[in-house]
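Residue numbers (our numbering): 7 to 344.
Ideal Cβ positions, reconstructed from N, Cα and C, are used throughout, including at glycine.
Predicted model, so just to flag it, every value in this text is computed and none were measured.
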């Protein structure tokens, strides 16, 4: 069976590797064009292109899938089936119906939950404790096609999107091979999704990373885990935008009183540094010698373990607090207020 592989992001690499290792005939790797990246706007190749170069596979980077030129190109590859993993664009109808065995997609959720562009990000942001991977036959809807196989995995309370993505990529590769074997020997048929249970995972926007301190501490913590490095989670301190890179759900607020009141934070030596000074409201900063936290809407503290002020290197929350000499009553302001 001849396969064409369509993918761009890191999530697709294990699937491409597994197909190559298993000896599938890959007639072409179709990936997105190189794009400028970073402050220098230097052209960067998609991860799938770099891997295809290493594997000496033919590479194609059409700017659009809708042109006659691209159609002629893919038809010339003669694939019996197209494998699609994190390609980043919706396939046009002609391509969905061209291969005899259709287009099989590896999707990073347990469908019909989290259809869309960012399923892993939104699963973590919403505090899900499990997620998974499905293989599906693509149709003209957004992740609405019938499903071949699914496999679940747990999400740890402090796992980041990168960690979960890495694991799902490997699970997806295994599931893809199992799916292809079932399709080839006619032992596997896809089953329709229950559309009444569908939820959605829209493409991420910059404003999704603006921290709203009125939310519960664990909800903000989940967003920090989900939205770094893009779109990032951020707030302002003294007018400077700070990326919040790593957090922990800290101590509860009970017992915090006036200046000098309240317990030392977890892990602090007895008597070393006391929590700062007032009845705290959401966005208020709470500090001690080795502790930086922000009061959240549920009365819980979110410890800021690592952050990066604009145009500076990332530092620990404790170092930031000590260097900034934070005054009583200071806050991390929400970018939502701008």
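Problem - Classification of residue 137 by the beta-carbon crowding that lies within 10 angstroms, buried from 16 upward - result: Counting from 1 along the chain shown, the entry for residue 137 is found at position 131. By the 16-neighbour rule on beta-carbons within 10 angstroms, residue 137 is buried.
Problem - Touching by the beta-carbon criterion (3+ pairs, under 8 Å), the stretch 157-177 and the stretch 221-235 - result: Contact annotation: the stretch 157-177 touches the stretch 221-235, with at least three C-beta pairs closer than 8 Å.
Exercise for the section: Using DSSP bridges, identify the partner residues of residue 302. Expected result: For this step, residue 302 is matched to residue 296 along the chain shown. In the DSSP assignment, no residue is bridged to residue 302.
Problem - Nearest-angstrom Cα separation, counted from residue 187 out to residue 9 - result: Here residue 9 refers to the residue found at position 3 when the chain shown is read from its first residue. Here residue 187 refers to the residue found at position 181 when the chain shown is read from its first residue. Per the coordinates, the alpha-carbon of residue 9 lies some 13 Å from the alpha-carbon of residue 187.
Handout entry: residue 11 classed as buried or exposed, judged by whether at least 16 other C-beta atoms fall within 10 angstroms
Key = Position 5 of the chain shown, counted from the first residue, corresponds to residue 11. Only buried fits residue 11, as 16 or more other CB atoms lie within 10 angstroms of its CB.
Exercise for the section: May I have the straight-line CA-CA distance separating residue 13 from residue 123, to the nearest angstrom? Expected result: In the chain shown, residue 13 corresponds to position 7, counting from 1. In the chain shown, residue 123 corresponds to position 117, counting from 1. Between residue 13 and residue 123, the C-alpha separation is close to 13 Å.
Exercise for the section: Classify residue 115 as buried or exposed, calling it buried when 16 or more other Cβ atoms lie within 10 Å of its own Cβ. Expected result: Looking up residue 115 in the chain shown gives position 109. Burial call: buried.
Practice task
Indicate the three-state DSSP secondary structure (helix, strand or coil) for residue 312 in the structure shown.
Solution key: To locate residue 312, count along the chain shown from 1; it is residue 306. Reduced to three states, the DSSP call for residue 312 is strand.
Exercise for the section: Take the Cβ of residue 309 as the centre, count every other Cβ of all protein chains shown within 10 Å, and call the residue buried at 16 or more, exposed below. Expected result: To locate residue 309, count along the chain shown from 1; it is residue 303. By the C-beta density criterion, residue 309 is buried, having at least 16 other C-beta atoms within 10 angstroms.
Exercise for the section: Return the CA-CA distance between residue 112 and residue 72, expressed in angstroms with no decimal places. Expected result: As a first step, residue 112 is located in the chain shown; it is residue number 106 there, counting from the start. As a first step, residue 72 is located in the chain shown; it is residue number 66 there, counting from the start. Each residue's alpha carbon lies about 22 Å from the other.
Handout entry: Cβ neighbour criterion (16 or more within 10 Å) applied to residue 43
Key = By one-based count along the chain shown, residue 43 stands at place 37. Exposed is the call here.
Exercise for the section: Measure the Cβ-Cβ separation of residue 217 and residue 322 and say whether it is below 8 Å. Expected result: Within the chain shown, numbered from 1, the residue matching residue 217 stands at position 211. Within the chain shown, numbered from 1, the residue matching residue 322 stands at position 316. Not a contact, by the Cβ cut-off of 8 Å.
Handout entry: 8 Å Cβ cutoff met for residue 199 and residue 249
Key = Looking up residue 199 in the chain shown gives position 193. Looking up residue 249 in the chain shown gives position 243. One thing to note: residue 199 has its Cβ no nearer than 8 Å to the Cβ of residue 249.
Exercise for the section: Would you check if the distance between the CB atom of residue 19 and the CB atom of residue 53 is smaller than 8 Å? Expected result: As a working mapping, residue 19 is identified with position 13 in the chain shown. As a working mapping, residue 53 is identified with position 47 in the chain shown. For residue 19 and residue 53, yes; Cβs fall inside 8 Å.
Exercise for the section: In angstroms with no decimal places, state the Cα-to-Cα distance between residue 196 and residue 66. Expected result: Position 190 of the chain shown, counted from the start, is the residue given in the question as residue 196. Position 60 of the chain shown, counted from the start, is the residue given in the question as residue 66. When only Cα atoms are considered, residue 196 and residue 66 end up about 29 Å apart.
Practice task
Compute the distance between the beta-carbons of residue 299 and residue 251, then report whether it is under 8 Å.
Solution key: Translated into the one-based positions of the chain shown, residue 299 becomes position 293. Translated into the one-based positions of the chain shown, residue 251 becomes position 245. No; because the gap between Cβ atoms is not below 8 Å, this pair is not in contact.
Exercise for the section: Quick one: measure Cβ to Cβ for residue 89 and residue 97, integer angstroms, because I've assumed they're closer than 8 Å. Expected result: To locate residue 89, count along the chain shown from 1; it is residue 83. To locate residue 97, count along the chain shown from 1; it is residue 91. The distance from the Cβ of residue 89 to that of residue 97 is about 12 Å, inconsistent with a contact at the 8 Å cut-off.
Problem - Under 8 Å between C-beta atoms of residue 243 and residue 289 - result: In the chain shown, the residue the question calls residue 243 occupies position 237. In the chain shown, the residue the question calls residue 289 occupies position 283. Going by C-beta atoms, residue 243 is not nearer than 8 Å to residue 289.
Exercise for the section: Please state whether DSSP places residue 171 in a helix, a strand or coil. Expected result: Within the chain shown, the letter at position 165 stands for residue 171. In the three-state reduction of the DSSP assignment, residue 171 falls in the helix class, which pools H, G and I.
Practice task
Note down, in chain order, each residue of its chain lying with its Cβ closer than 7 Å to the Cβ of residue 241, except the 5 sequence neighbours on either side.
Solution key: In the chain shown, residue 241 corresponds to position 235, counting from 1. Only 217, 248, 250, 338, 339, 340 and 341 meet the Cβ criterion.
Exercise for the section: Sort 15, 16 and 25 by Cα distance to residue 184 and report the nearest one. Expected result: Stepping through the chain shown from its first residue, residue 184 is reached at position 178. Ranked by Cα distance from residue 184, the first of 15, 16 and 25 is 25.
Problem - 6 Å Cβ shell around residue 336 - same chain, five flanking residues per side excluded - result: Within the chain shown, the letter at position 330 stands for residue 336. Spatial neighbours of residue 336 in its own chain (CB-CB distance under 6 Å, excluding positions within 5 residues in sequence) are listed in chain order as 291.
Handout entry: 7 Å Cβ shell around residue 50 - same chain, five flanking residues per side excluded
Key = Working through the chain shown from its first residue, we reach residue 50 at position 44. By the criterion of a C-beta distance shorter than 7 Å, residue 50 is surrounded in its chain by 40, 41 and 43, once the five residues flanking it on both sides are discounted.
Handout entry: First through last residue of the alpha helix (DSSP H) which encompasses residue 27
Key = Taking the chain shown and counting its residues from 1, the one referred to as residue 27 is at position 21. Annotation: the continuous alpha helix (DSSP H) that includes residue 27 extends over 19-27.
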